[in-house]
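Quick note: the sequence shown uses the working numbering, first residue 22, plus one each step.
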Amino acid sequence: MRTFLLPIDNLLRGDVMAPELGKPARTFRLRQLLLLIVMFGVLYGAVMGSYGGIFGDRWKQVIYSGVKVPFLLLGTFLLSLPSFFVISSLLGLREDFAQSLRVLVATQAALTIILASFAPFTAAWYLSFSDYQAAVLFNALMFGISSIAAQVLLRRFYAPLISRNPRHRLLVRAWLIVYAFVGIQMGWLLRPFIGDPLSPTRFFRAHMWGNAYEVVLRMVWSLMHR
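What follows is the structure, given as structure tokens:
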């Protein structure tokens, strides 16, 4: 157990620097980071999909959501990566791309671990409230808090690169904007993650296309005016 938890502890402490930066570090292999993303993503996704219980066809939603969360995180990352590479090149930072990539993947892994740590809160919320829209917004809040915490780690991971070239600070900001924009829409396309118990359980919605930002604003407006 210690062997499993120690690397996670190091990651959350921000101790994951590329050896090329000339500082002592505990490096992580790419497959280790990807494994953490998949494993903890499945964990939170399964809890996320347990809204309304697991009876009848609802057990399928647990499996669907368990698959979708790591797919959401990795898919968003891969779709955002070309833009990151282009911006990195435009800023004259292509030579640092390999190190930047390591930092970004490590941040993804940390985000997923933080998200999974909120799984008990999500389960408690489901047991306490039965409103479907409130459940959707609560999970959005969990993703939001996890993303903010991951940004703190991202800046910590990126600090040596920024100190070497201040243009990395602009690159980090560009990455956050692109990632957030792609991630929100990606989450909309992959819905349902929770699934309304009053609707048939399915992997995708019948009408999967649309604008995520417009729908979220409508949901918030509806809850505020009840």
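Cβ coordinates follow ideal geometry from the N, Cα and C atoms, glycine included.
_Suppose you measure from the CA of Asn186 to the CA of Leu33; what does that come to, to the nearest Å?_
Straight-line spacing of the CA atoms in Asn186 and Leu33 works out to 24 angstroms.
*Straight-line gap, Val90 to Pro28 (C-alpha atoms, nearest Å)*: Near 22 angstroms, if we compare the C-alpha coordinates of Pro28 and Val90.
_Counting only beta-carbon separations shorter than 8 angstroms, does Ser109 have a partner in chain D?_
Here there is only one protein chain, and chain D is not present.
*Minimum length 3: unbroken beta strand (DSSP E) runs contained in the region 152-226*: Fully enclosed beta strand (DSSP E) runs of no fewer than 3 residues are not present anywhere in the region 152-226.
_How far does the alpha helix (DSSP H) with Leu142 in it extend, from its first residue to its last?_
Strictly speaking, residue 142 in this sequence is Phe, with Leu absent from that position. Residues 140-149.
_Would Phe214 and Ser86 be called neighbours here (beta carbons separated by less than 8 angstroms)?_
A contact, by the Cβ cut-off of 8 angstroms.
*Does the beta carbon of Arg226 fall short of 7 angstroms from some heavy atom of the ligand NAP?*
Only the bare structure without any ligand can be found here, which leaves the ligand NAP out of the picture.
*Identify, in the order they occur along the chain, each residue of the same chain with its Cβ nearer than 7 angstroms to the Cβ of Tyr200, setting aside the five sequence neighbours on each side.*
Hits under 7 angstroms: Thr97, Ser101.
*Give the DSSP-derived three-state secondary structure of Asp30 in the structure shown.*
If DSSP states are grouped into helix, strand and coil, Asp30 belongs with the helices.
*Under the three-state DSSP convention, the category Trp242 falls into*: In the three-state reduction of the DSSP assignment, Trp242 falls in the helix class.
*Determine the burial state of Phe139: buried for a count of at least 16 other Cβ atoms within 10 Å of its Cβ, exposed for fewer.*
Around the C-beta of Phe139, 16 or more other C-beta atoms lie within 10 Å, and the residue is accordingly described as buried.
*Which class does Leu51 belong to by DSSP, given the choice of helix, strand or coil?*
Reduced to three states, the DSSP call for Leu51 is helix.
*Using 8 angstroms as the Cβ pair cut-off and three pairs as the minimum, do the region 175-183 and the region 206-213 touch?*
The region 175-183 is not in contact with the region 206-213.
*Take Leu175 and list the residues in its own chain whose beta-carbon comes closer than 6 angstroms to its own, dropping the five residues that flank it on each side.*
Closer than 6 angstroms at the Cβ level, and outside the excluded window around Leu175, lie Thr128.
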